[in-house]
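Undergrad: The working numbering puts the first residue of the sequence shown at 99, with every later residue one more than the last. Glycine included, every Cβ here is placed at the ideal spot set by N, Cα and C. Bear in mind the structure is a predicted one, so any value in this text is a computation, not a measurement. Take a look at this one; I'll ask things after.
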Amino acid sequence: MLLAGRDPIAAYTGLVEGAWLEPRGLVQSLLKTSPLILSGLAVGFAFKGGLFNIGAQGQLIVGSVAAAWAGYAFSGLPSWLHIILAMGAAALAGALWGAIPGALKAYSGAHEVITTIMFNFIASRIAEWMISLGSADGKIPPGPLADPNSGAISRTRPVLESARLPVVFEVPPPSVPNLNIGLFIAVAAAILIMLLVNRTTFGFELRMVGLNPSAAQYAGVNVKRLTISTMAIAGGLAGLAGAVQTLGINGYYEANQSLGLGFDSITVSLLASNNPLGIMFSAFMFGSMDQGTTRMQRSGVAPELILVIQALILMFIAAPQIIRWLYRVRVSGKGGQKLSTGWGQR
């Protein structure tokens with residue numbers, strides 16, 4: 099900032115004020131925190147099982163689309179039932195989308211990083227088709243979920259009021275939307291995941307597979323089934339993140355609604371060392387930084403600076419692991435020791 103001739107104190111003061119000290123800014127920070135917690139849990143939970151879930155973005159997209167569809171397709175339902183139905187549809191869609199790479203990993207050895215990246219693109223393109231407006235001459239029909247009254251914006255029909263997440267804190271206009279129960283859903287999910295990982299047999303087996311799949315299989319753990327289950331649960335969490343965003347913030351799904359959110363969740367999870375409770379705080383930090391950029395720009399600082407700060411955070415987090423890895427490689431080169439093996443290798 100100093101090299102660019104800007105005042106860093108004024109810039110960071112604006113960041114804090116815009117994110118925390120103003121009611122509107124704080125509400126927006128919390129709204130952005132909610133889906134980050136859930137998508138961060140999707141990444142962190144898979145990490146516990148030794149799986150690198152890069153597919154949170156795609157799982158979040160299919161969850162958003164499913165929540166939007168369930169949100170407007172079923173009318174006449176009580177609000178509590180409609181919300182459960184829409185969020186259940188989102189979780190189920192995300193779980194199915196995550197289970198496919200899990201099955202490919204379990205039965206063919208396809209690396210989850212490659213398959214989940216591919217499924218991100220597939221989910222994005224399917225969603226774009228489903229909400230596309232078609233061509234003006236009618237030769238290309240609109241997508242099955244497209245809103246014909248949306249003008250030039252490709253999006254689904256708005257969800258019914260009965261499917262919108264209830265508001266728990268209102269801010270005077272013109273601040274919209276208000277804080278809803280999505281934050282409490284995300285916090286509850288973090289607590290449940292923490293208990294699942296640390297207090298259940300499934301969680302013990304999950305951590306065992308994450309540390310050593312071969313030893314876990316020798317001990318009687320069904321590694322293939324657990325791999326699929328892990329990716330399905332991770333996908334379900336990401337799907338819930340999409341539901342919170344669609345039902346609680348936008349009220350519909352539109353193109354690029356969740357752009358980058360799934361990838362930010364990787365940083366959120368790594369910052370918290372994949373700890374469910376830590377993910378809540380790291381998600382709040384990232385949501386606050388994202389919200390504070392608007393006020394920060396008034397100091398003449400480019401909003402891209404926040405991306406630089408996030409990249410620096412990730413770099414410092416990864417530095418110890420990189421140093422350990424380089425040290426092991428050097429030791430292995432001297433002694434000829436094999437560091438790791440893939441599944442099924444001896």
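Classify T299 as buried or exposed, calling it buried when 16 or more other Cβ atoms lie within 10 Å of its own Cβ.
TA: exposed
Undergrad: Over the uninterrupted alpha helix (DSSP H) stretch that includes F267, give me the two end residues.
TA: Unbroken run through F267 is the beta strand (DSSP E), V265 to F267; no alpha helix (DSSP H).
Undergrad: Leaving aside the five residues before and after A409 along the sequence, list all residues of the same chain whose C-beta is less than 8 angstroms from its C-beta, in chain order.
TA: none
Undergrad: By Cβ distance below 8 angstroms, which residues in the same chain neighbour A125 in space, the five residues on each side in sequence not counted?
TA: In the sequence under discussion, the amino acid at residue 125 is Val, which differs from the Ala named in the question. Spatial neighbours of V125 in its own chain (CB-CB distance under 8 angstroms, excluding positions within 5 residues in sequence) are listed in chain order as F267, V269, S273, N276 and L277.
Undergrad: Less than 8 angstroms between the CB atoms is what I'm expecting for V399 and A197, so what's the real figure, rounded?
TA: The pair is not a contact, with the Cβ atoms about 43 angstroms apart (cut-off 8 angstroms).
Undergrad: List in chain order: all unbroken beta strand (DSSP E) runs of 3+ residues lying wholly within the region 181 to 245.
TA: none
Undergrad: From what residue to what residue does the alpha helix (DSSP H) around S137 run?
TA: P121 to K146
Undergrad: Taking only heavy atoms of the ligand GDP into account, decide whether any of them is closer than 7 angstroms to the Cβ of T214.
TA: The ligand GDP is not part of this structure, which contains no ligands at all.
Undergrad: Run through the DSSP bridge pairs and tell me what L277 is partnered with.
TA: F267
Undergrad: Among R393, E402 and I421, which has the Cα closest to the Cα of I107?
TA: R393
Undergrad: Tell me which same chain residues have a C-beta within less than 8 angstroms of the C-beta of V114, skipping the five on either side of it?
TA: G390
Undergrad: Out of I364, A187 and M292, point me to the one whose CA is closest to L375's CA.
TA: M292
Undergrad: In the DSSP assignment, what are the bridge partners of E352?
TA: R253
Undergrad: Can you give me the Cβ contacts of V307 inside the same chain, cut-off strictly under 7 angstroms, excluding the 5 residues immediately before and after it?
TA: G147, G148, A314, V319, V321 and L324
Undergrad: State the Cα-Cα distance for the pair I212 and T131, rounded to the nearest angstrom.
TA: 28 angstroms
Undergrad: Compute the Euclidean distance between the alpha carbons of P311 and L202, then round it to the nearest angstrom.
TA: If I take the Cα positions, the gap works out to 16 angstroms.
Undergrad: What's the call for I178, buried or exposed, on a 16-neighbour Cβ count within 10 Å?
TA: First, the amino acid is wrong: residue 178 is Trp here, not Ile. Burial state of W178 is exposed, judged by a 10 Å Cβ sphere holding fewer than 16 other Cβ atoms.
Undergrad: Using 10 angstroms around the beta-carbon of R396, count the other beta-carbons present and answer buried if the total reaches 16, otherwise exposed.
TA: Exposed, because fewer than 16 other Cβ atoms sit within 10 Å of the Cβ of R396.
Undergrad: Going straight from the alpha carbon of T439 to that of F414, what length do you get?
TA: Any reading at T439 is ruled out, since the residue's pLDDT is 44, under 50, leaving its predicted position unreliable.
Undergrad: Alpha helix (DSSP H) containing P343: first to last residue?
TA: As written in the sequence, residue 343 is Gln, which differs from the Pro given in the question. Run containing Q343: V321 to Q343, per the alpha helix (DSSP H) assignment.
Undergrad: Is F150 helix, strand or coil when you go by DSSP?
TA: coil
Undergrad: Would E352 and R253 qualify as a contact pair, given that the criterion is a beta-carbon distance under 8 angstroms?
TA: yes
Undergrad: Which residues in the same chain have their Cβ closer than 8 angstroms to the Cβ of F379, if we skip the five residues on either side of it in sequence?
TA: A370
Undergrad: On the three-state DSSP scale, how would you describe L359?
TA: Here L359 sits in helix by DSSP.
Undergrad: Cβ of I377 within 8 angstroms of Cβ of G142?
TA: yes
Undergrad: In chain order, what residues of the same chain have a beta carbon less than 7 angstroms from the beta carbon of Q157, not counting five sequence neighbours either side?
TA: A140, G192, W195, G196, G333, A336 and G337
Undergrad: Give the DSSP-derived three-state secondary structure of L294 in the structure shown.
TA: Secondary structure at L294: helix, using DSSP grouped into helix, strand and coil.
Undergrad: Roughly how many angstroms lie between the CA atoms of G301 and G123, to the nearest whole one?
TA: 37 angstroms
Undergrad: At the level of alpha carbons, what is the spacing between I283 and G236?
TA: 42 angstroms
Undergrad: For R262, name the three-state secondary structure that DSSP assigns.
TA: coil
Undergrad: For V265, does the count of other Cβ atoms within 10 angstroms reach 16, so buried, or fall short, so exposed?
TA: exposed
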